[in-house]
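By the count of the working numbering, the sequence shown reaches residue 893 at its end, each step adding exactly one. Glycine is no exception: its CB is placed at the ideal position from the N, C-alpha and C atoms. As the structure is a computational prediction, the values presented were derived from the model and not from experiment.
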Amino acid sequence: MKNKIFKTILIKMFLLIFFCTNLYAQNNFFNEGKKLFDKNEYDEAKLSFEKDIVYNPKNENSYLFLAKIFNKQKDSLQEERNLNTVVLLNPKNEEAIYHLALLSIKRSNYKKTSSLITKFKSICIKLCDLEKELSLKLKNSLK
751 MKNKIFKTIL IKMFLLIFFC TNLYAQNNFF NEGKKLFDKN EYDEAKLSFE
801 KDIVYNPKNE NSYLFLAKIF NKQKDSLQEE RNLNTVVLLN PKNEEAIYHL
851 ALLSIKRSNY KKTSSLITKF KSICIKLCDL EKELSLKLKN SLK
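Here you go:
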């Protein structure tokens, strides 16, 4: 009987340690990626964000930072994929919609850009001042 209780306690302790370590790893990969991104070490930051996604596939911020990295690396296809993932996880992510609108302007996709600007206007809270910039860039792209 005592042996069974001991095994149960041991298993519970192991699981507790495992989950605590797992939580630490999740936060650590994202934070490490952010530090590397701020130091302009994009390849290393990309690996950290990808590791974070393995542990936490719904972390929209990791996808957003990956999109920013791909923007710096001039890989618009990967940038768009990651931005679309951010919007899929959080349809009200202002920054992702803003960057998607910028991509659409670069690609001269008037209809999609107009739709994204309208969506941006309806959800913006923090970045509302960027709406005028988007509209101006769209207008200038039509000239």
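DSSP state of S858, grouped into three classes?
Start at 1 with the first residue of the sequence shown, and residue 858 comes out as number 108. Looking at S858 - three-state DSSP - the assignment turns out to be coil, as it is neither helix nor strand.
Please name the residue, chosen from E881, I867 and S858, that lies closest to L892 on a Cα-to-Cα basis.
Taking the first residue of the sequence shown as position 1, residue 892 is located at position 142. Answer by Cα proximity: S858.
Between F815 and A795, is the Cβ-Cβ spacing less than 8 Å?
Locating residue 815 in the sequence shown gives position 65, counting from the first residue. Locating residue 795 in the sequence shown gives position 45, counting from the first residue. Going by C-beta atoms, F815 is nearer than 8 Å to A795.
Can you give the Cα-Cα distance for Y805 and S798, rounded to whole angstroms?
Stepping through the sequence shown from its first residue, residue 805 is reached at position 55. Stepping through the sequence shown from its first residue, residue 798 is reached at position 48. Between Y805 and S798, the C-alpha separation is close to 11 Å.
Would you report the Cα separation of S864 and N843, rounded to the nearest angstrom?
Here residue 864 corresponds to residue number 114 of the sequence shown, with the count starting at 1. Here residue 843 corresponds to residue number 93 of the sequence shown, with the count starting at 1. Using only the alpha carbons, I get a separation of about 17 Å.
One question on the structure: do F820 and N832 come within less than 8 Å of each other, judged by their Cβ atoms?
Residue numbering aside, residue 820 sits at position 70 when the sequence shown is read from its first letter. Residue numbering aside, residue 832 sits at position 82 when the sequence shown is read from its first letter. Yes; because the gap between Cβ atoms is below 8 Å, this pair is in contact.
Work out the CA separation of T868 and K889 for me, nearest whole Å.
Numbered from its first residue, the sequence shown carries residue 889 at position 139. Numbered from its first residue, the sequence shown carries residue 868 at position 118. If you take the alpha carbons of K889 and T868, they lie about 14 Å apart.
If you draw a straight line from the alpha carbon of D879 to that of K871, how long is it in whole angstroms?
Here residue 879 corresponds to residue number 129 of the sequence shown, with the count starting at 1. Here residue 871 corresponds to residue number 121 of the sequence shown, with the count starting at 1. Their Cα atoms are separated by approximately 10 Å.
Can you tell me whether L886 is buried or exposed? The criterion is at least 16 other CB atoms within 10 Å of its CB, across all chains shown.
As a position in the sequence shown, residue 886 is number 136, starting the count at 1. Per the 10 Å Cβ criterion, exposed.
Give me the Cβ distance between L839 and K808, rounded to the nearest whole Å; I'm assuming they're in contact under 8 Å.
Stepping through the sequence shown from its first residue, residue 839 is reached at position 89. Stepping through the sequence shown from its first residue, residue 808 is reached at position 58. About 6 Å separates the two Cβ atoms, so the contact holds.
Taking buried to mean at least 16 other C-beta atoms within 10 Å of its own C-beta, is E829 buried or exposed?
As a position in the sequence shown, residue 829 is number 79, starting the count at 1. It counts as buried.
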